[in-house]
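**Student:**
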Amino acid sequence: MDPHLALLSLRNTPVTGLGYSPPELLMGRVLRSTLPIASGALKPKHPKDVKKRLVRQQQRQTHYYNQHAKPLSVIQPGSVVRVETSQGLKPTVVTEKRPEPRSYNIVTDCGQTYRRNRRHLRKMKI
Numbered sequence: 622m623d624p625h626l627a628l629l630s631l632r633n634t635p636v637t638g639l640g641y642s643p644p645e646l647l648m649g650r651v652l653r654s655t656l657p658i659a660s661g662a663l664k665p666k667h668p669k670d671v672k673k674r675l676v677r678q679q680q681r682q683t684h685y686y687n688q689h690a691k692p693l694s695v696i697q698p699g700s701v702v703r704v705e706t707s708q709g710l711k712p713t714v715v716t717e718k719r720p721e722p723r724s725y726n727i728v729t730d731c732g733q734t735y736r737r738n739r740r741h742l743r744k745m746k747i
């Protein structure tokens, strides 16, 4: 099978939750492929309910995500934390809270400074 035809058929597949494929959303019609298709489907049409469906799908995802999610507590500068690395959790010290959301500067044992997100930092009990 030609890889371009395979990509074409993949791109003509409707997106789950929206009911329309990317070409339908972009150009208003289904792309012509080797599969037989009614000529009416090749005529341009502009779906109006896509925005509502997309917002509803995003609200549903937000609802299910937030069922078990909770905000992480703020870490004060000078606190000893463990940071996730590829070798495991390493102890470091938080030097400052950055203006970006949930972002901190940390200093390692070697004296190197890194910026890390709050989810990569674990509080240590002293």
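Numbers given in the working numbering equal positions in the sequence shown, counted from 1, plus 621.
Just so you know, even glycine gets a beta-carbon here, dropped at the ideal spot from N, CA and C.
Remember, it's a predicted structure, so these values are computed and weren't measured experimentally.
Let me know the secondary structure DSSP gives V671 once reduced to three states.
**Tutor:** If DSSP states are grouped into helix, strand and coil, V671 belongs with the helices.
**Student:** Within this structure, are the beta carbons of K718 and P698 separated by less than 8 Å?
**Tutor:** Yes. Within cutoff.
**Student:** Taking only runs of the beta strand (DSSP E) that begin and end inside the stretch 691-718, which ones reach a length of at least 3 residues, in chain order?
**Tutor:** Runs of the beta strand (DSSP E) inside the stretch 691-718: 701-706, 709-718.
**Student:** Does L658 pass the burial test, meaning 16 or more other C-beta atoms within 10 Å, or should it be called exposed?
**Tutor:** What sits at residue 658 in the sequence shown is Ile, not Leu. Looking at its Cβ environment, which holds fewer than 16 other Cβ atoms inside 10 Å, I658 is exposed.
**Student:** Can you find the residues in the same chain that come closer than 8 Å, C-beta to C-beta, to S653, ignoring five residues on each side of it along the sequence?
**Tutor:** For the sequence presented, residue 653 should be read as Arg rather than Ser. L663.
**Student:** Whole-angstrom Cβ separation of K744 and V702, contact assumed at under 8 Å?
**Tutor:** Correct: roughly 6 Å between the Cβ atoms.
**Student:** Below 6 Å CB to CB, which residues in the same chain sit around Y735 once its five sequence neighbours on both sides are set aside?
**Tutor:** Cβ within range, chain order: I727.
**Student:** Roughly how many angstroms separate the alpha carbons of Q678 and M648, rounded to a whole number?
**Tutor:** When rounded, the distance between both Cα atoms is 22 Å.
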